[in-house]
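Peer 1: I'd like to ask you about the structure that follows.
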Amino acid sequence: MRKAVFMVCGIAILAVLATGAVADTDRTYKDAEYVGSKACKACHKVTYDSWAETYHSKMVRTKDDGILKAAVEKWDTDGTTPGPKKANVTGKEFKLEDVQYVVGSYWKQRFLVKNEVTGFHQFMDKQFNRMSEKWENYGNKNDWETNCVTCHATGVRILEYDPKNPLAQKIAWTEENTGCETCHGPGAKHVKGDKKGSMWNPAKQSKAEQTRVCGYCHQRVENEHYKTAQGNNREDLPAPKIGETFKPWDDWTKWYPEGVVIPGVQSEDPFNKEYAGDLKGLFILDELAMKSGVYDSGKHHQEFQEFIQSKHYKNGKMSCTDCHTPHKGKNIKPVVAKETCKKCHGDTYDYAKIMPGSGSTAANLTVRTHTFFKDQARPSKPTASGAPVLYKDSKK
Ligand code: HEC
Ligand code: HEC
Ligand code: HEC
Ligand code: HEC
Ligand code: HEC
Ligand code: HEC
3 MRKAVFMVCG
13 IAILAVLATG
23 AVADTDRTYK
33 DAEYVGSKAC
43 KACHKVTYDS
53 WAETYHSKMV
63 RTKDDGILKA
73 AVEKWDTDGT
83 TPGPKKANVT
93 GKEFKLEDVQ
103 YVVGSYWKQR
113 FLVKNEVTGF
123 HQFMDKQFNR
133 MSEKWENYGN
143 KNDWETNCVT
153 CHATGVRILE
163 YDPKNPLAQK
173 IAWTEENTGC
183 ETCHGPGAKH
193 VKGDKKGSMW
203 NPAKQSKAEQ
213 TRVCGYCHQR
223 VENEHYKTAQ
233 GNNREDLPAP
243 KIGETFKPWD
253 DWTKWYPEGV
263 VIPGVQSEDP
273 FNKEYAGDLK
283 GLFILDELAM
293 KSGVYDSGKH
303 HQEFQEFIQS
313 KHYKNGKMSC
323 TDCHTPHKGK
333 NIKPVVAKET
343 CKKCHGDTYD
353 YAKIMPGSGS
363 TAANLTVRTH
373 TFFKDQARPS
383 KPTASGAPVL
393 YKDSKK
């Protein structure tokens with residue numbers, strides 16, 4: 003895993019243009035409070051190893067570490083559609099050898115190459131669907147560093163931001179992917195010896211607080227105030243105050259300034275409204291939804307917005323972590339999500355019927371809905387299963 007941080011800064015960009023390139027080492031950001039997941043391994047080995055198996059630790063990897071076997075084999079063509087050829091921001095042509103990082107592996111994979119103009123990384127024009135093994139168009143015209151990191155890295159903070167000059171924003175993070183400190187808070191003091199009480203343990207919080215930590219990333223919003231360095235909307239969350247980063251105990255639902263759309267989180271932005279832009283098609287607004295007032299997602303990473311509609315959440319007795327353990331631990335036994343229902347409901351509910359594939363993540367590929375609606379009647383769209391095969395593993 004790469005431990006790098008990117009500085010998005012007008013001055014840095016000029017420097018890049020002048021000197022040609024930014025070395026990875028120039029992007030390391032040190033925060034005295036954050037120590038990184040590896041620092042936890044010495045004393046929490048079981049926890050660390052089990053976290054390393056989850057996709058939270060695998061989202062962004064170097065090409066050599068994480069590229070899918072089938073993507074390599076089908077790079078030129080999947081038989082019908084040619085693979086990636088050029089980059090989305092600069093339009094420059096790139097080859098497989100030029101790919102530096104891969105993003106995702108379980109549902110789909112996207113490919114990052116250098117953006118020579120900014121010194122950051124831009125996406126290539128195709129994404130690989132892991133289940134169908136087909137190439138699909140992907141047109142995001144922003145650098146990864148300025149558009150996606152909030153939910154795909156740890157300790158992210160905006161260091162400088164001037165709304166009149168979004169090009170001069172500066173953003174940094176302490177660790178790639180969803181590290182230990184995302185859900186437990188910064189660890190420097192704890193690692194030095196303040197053992198009890200210095201780490202935030204979700205198990206000791208209310209069910210709503212447990213769910214809210216996960217919801218910080220497992221939802222879809224649009225921020226109309228903060229813009230990317232390229233001047234586009236960030237597909238992103240509002241940052242806490244400039245210079246600060248999200249802490250697991252923060253009530254981020256209160257951070258949204260006026261004019262920011264957060265369907266279902268703030269009452270003035272209800273589920274049953276059709277939104278514009280990236281939020282279009284956010285929820286399925288068919289007859290079943292209108293009659294029941296239960297809104298299944300039309301897009302992926304909206305589990306929070308679905309779950310807060312459920313009786314499981316509303317009666318305060320359940321959180322995401324009752325069905326999903328982020329890792330094994332001294333006091334944490336592994337839980338298989340789909341096997342939990344029996345424990346409380348006997349044979350009343352079949353998870354496959356109550357949780358049909360709903361939120362689209364790639365062509366004909368969805369994530370299961372989390373509204374837990376007993377009169378669910380929609381047939382399931384295809385979902386992902388099994389483990390992806392990586393190029394590196396196939397060569398062992
Ligand atoms: C030097 C050893 C050591 C290191 C390094 C360490 N821990 Fe701990 N941690 C402990 C001990 C000891 C406890 C308390 C023992 C217990 O009761 O389980 C603990 C407890 C915890 C708890 C439970 C706190 C509570 O109040 O319930 C969490 C969460 C935790 N550690 C997370 C982390 C994270 C995240 C890291 C890395 C940033 C880390 N630890 C690094 C030794 C360590
Ligand atoms: C910092 C953002 C972030 C937070 C906070 C977060 N997640 Fe995730 N989660 C992700 C991302 C990104 C992925 C996709 C990773 C991938 O596919 O490589 C993911 C994937 C998952 C998956 C499917 C993959 C797997 O390994 O099982 C589950 C289940 C999940 N998260 C549950 C949770 C729960 C429960 C919490 C709260 C305790 C939580 N997440 C908190 C970002 C986050
Ligand atoms: C609001 C948080 C958030 C933002 C912003 C975000 N993502 Fe994600 N993303 C997630 C979560 C959570 C998941 C996993 C759960 C799911 O898909 O339902 C995910 C899944 C993915 C996956 C699939 C992972 C896999 O293993 O197949 C890819 C690829 C991805 N995101 C890329 C991006 C890109 C590119 C951007 C920026 C354009 C972005 N994400 C912005 C939260 C976010
Ligand atoms: C009542 C149990 C339950 C609760 C509570 C729950 N989930 Fe799930 N979740 C499931 C089941 C079952 C699946 C499907 C797993 C499968 O297909 O094997 C799933 C799938 C997922 C996936 C896709 C990963 C996959 O393996 O397909 C993500 C991401 C996810 N849940 C995140 C969350 C988040 C975030 C929350 C809280 C907002 C949450 N879940 C609450 C039961 C639950
Ligand atoms: C996606 C959020 C998330 C991430 C990432 C995460 N944890 Fe946890 N952790 C939790 C939750 C939730 C609990 C509460 C356990 C439960 O009831 O499922 C927990 C509990 C713990 C505990 C106390 C319980 C015990 O007996 O072990 C320790 C220690 C811990 N985590 C350490 C770590 C370390 C070390 C890492 C990184 C290697 C890590 N966690 C990564 C969410 C997370
Ligand atoms: C820890 C116990 C527990 C687990 C595990 C659990 N549930 Fe529930 N479930 C409940 C409770 C409690 C309610 C709320 C009952 C009420 O308030 O009437 C509920 C409500 C529901 C409802 C709505 C019922 C209604 O009357 O509207 C559905 C559907 C449901 N659960 C499905 C599932 C599925 C599917 C799973 C597994 C993925 C699951 N549950 C796992 C405890 C659980």
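Residue numbers (our numbering): 3 to 398.
Ideal Cβ positions, reconstructed from N, Cα and C, are used throughout, including at glycine.
For clarity, every value in this text was computed on a predicted model and none was experimentally measured.
#1: For the segment 30-66, list the alpha helix (DSSP H) runs that are entirely contained and at least 4 residues long, ordered along the chain.
#2: Going by other Cβ atoms of all chains shown within 10 Å of its Cβ, with 16 needed for buried, is residue 263 buried or exposed?
#3: Would the beta-carbon of residue 185 fall within 7 Å of that of residue 215?
#4: With a cut-off of 8 Å, do at least 3 Cβ pairs link the segment 270-282 to the segment 337-346?
#5: Can you have a look at residue 83 and say buried or exposed, based on whether 16 or more other CB atoms are within 10 angstroms of its CB?
#6: Could you compute how far the alpha carbon of residue 381 sits from the alpha carbon of residue 73?
#7: Could you name the residues of the same chain whose beta carbon sits closer than 6 Å to that of residue 254, not counting the 5 residues immediately before and after it, in chain order?
#8: Quick test of your reading: residue 300 and residue 310, contact by CB under 8 Å. State the CB separation rounded to the nearest angstrom.
#9: Count the other CB atoms within 10 Å of the CB of residue 127; is the residue buried (16 or more) or exposed (fewer)?
#10: For residue 145, which residues does DSSP report across the bridge?
#11: Return the CA-CA distance between residue 256 and residue 98, expressed in angstroms with no decimal places.
#12: How about residue 309: is its Cβ closer than 6 Å to a heavy atom in ligand 6?
#13: Just reading off the alpha helix (DSSP H) that residue 281 is part of, what are its end residues?
#14: Under a criterion of Cβ closer than 7 Å to any non-hydrogen atom of ligand 4, which residues qualify, in chain order?
#15: Have a look at residue 26 and residue 101 and give me their C-alpha separation to the nearest angstrom.
#16: Quick check on residue 2: does DSSP put it in helix, strand or coil?
#17: If you measure between the beta carbons of residue 364 and residue 87, is that distance less than 7 Å?
#18: Run the proximity test for residue 333: is its beta-carbon closer than 6 Å to any non-hydrogen atom belonging to ligand 3?
#19: Rank 85, 91 and 385 by C-alpha distance to the C-alpha of residue 138 and give the top, closest one.
#20: Please classify residue 391 as buried or exposed, where buried requires at least 16 neighbouring CB atoms within 10 angstroms.
#21: Determine, using beta carbons only, whether residue 179 and residue 124 come nearer to each other than 7 Å.
Peer 2: Judging by the given coordinates:
#1: Complete alpha helix (DSSP H) runs here, min 4: 40-43 and 47-55.
#2: For the purposes of this step, residue 263 is identified with residue 261 of the sequence shown, where counting begins at 1. With 16 or more other Cβ atoms within 10 Å, it is buried.
#3: Within the sequence shown, residue 185 is the residue found at index 183, counting from 1. Within the sequence shown, residue 215 is the residue found at index 213, counting from 1. Going by C-beta atoms, residue 185 is nearer than 7 Å to residue 215.
#4: no
#5: Here residue 83 is taken as the residue at index 81 of the sequence shown, counted from 1. Residue 83 should be labelled exposed.
#6: Along the sequence shown, read from residue 1 onward, the residue named residue 381 stands at position 379. Along the sequence shown, read from residue 1 onward, the residue named residue 73 stands at position 71. So the alpha carbons of these two residues sit roughly 30 Å apart.
#7: As a position in the sequence shown, residue 254 is number 252, starting the count at 1. By the criterion of a C-beta distance shorter than 6 Å, residue 254 is surrounded in its chain by 218, once the five residues flanking it on both sides are discounted.
#8: In the sequence shown, residue 300 corresponds to position 298, counting from 1. In the sequence shown, residue 310 corresponds to position 308, counting from 1. With a Cβ gap of about 17 Å, residue 300 and residue 310 do not count as contacting.
#9: Here the question's residue 127 lines up with position 125 in the sequence shown. Classification of residue 127: buried, given that the 10 Å Cβ count is 16 or more.
#10: Residue numbering aside, residue 145 sits at position 143 when the sequence shown is read from its first letter. The partner list for residue 145 (beta bridge, DSSP) reads 124.
#11: As a working note, residue 256 is residue 254 in the sequence shown. As a working note, residue 98 is residue 96 in the sequence shown. In a straight line, the C-alpha of residue 256 is about 43 Å away from that of residue 98.
#12: The residue labelled residue 309 in the question sits at position 307 within the sequence shown. When distances are taken from the beta-carbon of residue 309 to the heavy atoms of ligand 6, even the shortest one reaches 6 Å or more.
#13: As a first step, residue 281 is located in the sequence shown; it is residue number 279 there, counting from the start. Element bounds for residue 281: n/a, residue is neither H nor E.
#14: 213, 216, 217, 220, 305, 306, 309, 314, 320, 321, 322, 324, 325, 326, 339, 340, 342, 343, 353, 357, 369, 370, 372, 374, 385, 386 and 387
#15: In the sequence shown, residue 26 corresponds to position 24, counting from 1. In the sequence shown, residue 101 corresponds to position 99, counting from 1. Summary for residue 26: the model assigns pLDDT 32, below 50, so the residue's position carries little reliability; its value from the coordinates is reported in the next sentence. Within the model, the alpha-carbon separation for residue 26 versus residue 101 is close to 15 Å.
#16: Outside the modelled stretch of the chain, which goes from 3 to 398, sits residue 2, for which no answer is possible.
#17: Indexing the sequence shown from 1 puts residue 364 at position 362. Indexing the sequence shown from 1 puts residue 87 at position 85. For residue 364 and residue 87, no; Cβs fall outside 7 Å.
#18: Position 331 of the sequence shown, counting from 1, holds the residue named residue 333. Flag unset: Cβ of residue 333 not near ligand 3.
#19: Indexing the sequence shown from 1 puts residue 138 at position 136. Closest option to residue 138, Cα to Cα, is 85.
#20: For this step, residue 391 is matched to residue 389 along the sequence shown. Exposed is the call here.
#21: Stepping through the sequence shown from its first residue, residue 179 is reached at position 177. Stepping through the sequence shown from its first residue, residue 124 is reached at position 122. The answer is no: Cβ separation not under 7 Å.
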